[in-house]
Amino acid sequence: MSIAYNKTKAVLQGHVTVEDAEPLAEWVRKHPKGALEMAACDSLHAAVVQVLLALRPKLASPPDNPWLVAAMARPAD
5 MSIAYNKTKA VLQGHVTVED AEPLAEWVRK HPKGALEMAA CDSLHAAVVQ
55 VLLALRPKLA SPPDNPWLVA AMARPAD
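Residue numbers (the working numbering): 5 to 81.
Below you can see the structure in the form of structure tokens.
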């Protein structure tokens, strides 16, 4: 797995695959105050991007990849 979970953070590393989407969504729902560390994330499957855009978890650290930063951009509420 390319995501390491604990009670306060999910650390996304390398390529996060489609298989990671459902467990990530479940973790975000169970840990609404949790945050994502994405600095070591190289790429995300589109299903994972959809989870992140739909559930809008907090980001402890954004990805280093400029494309991922743009994909994670959140519209003003």
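Where a beta carbon is used, it is the ideal one built from N, C-alpha and C, also for glycine.
A direct Cα-Cα distance of roughly 23 Å separates A29 from P70. K13: member of the beta strand (DSSP E) spanning K13 to L16, first to last residue. Unbroken alpha helix (DSSP H) runs of no fewer than 4 residues, entirely contained in the stretch 21-63, are found at 25-34 and 50-59, following chain order. Taking 7 Å as the cut-off, the beta carbon of P61 is found no closer than this to the beta carbon of M42. One alpha carbon belongs to T21, the other to K37, and they sit about 24 Å apart.
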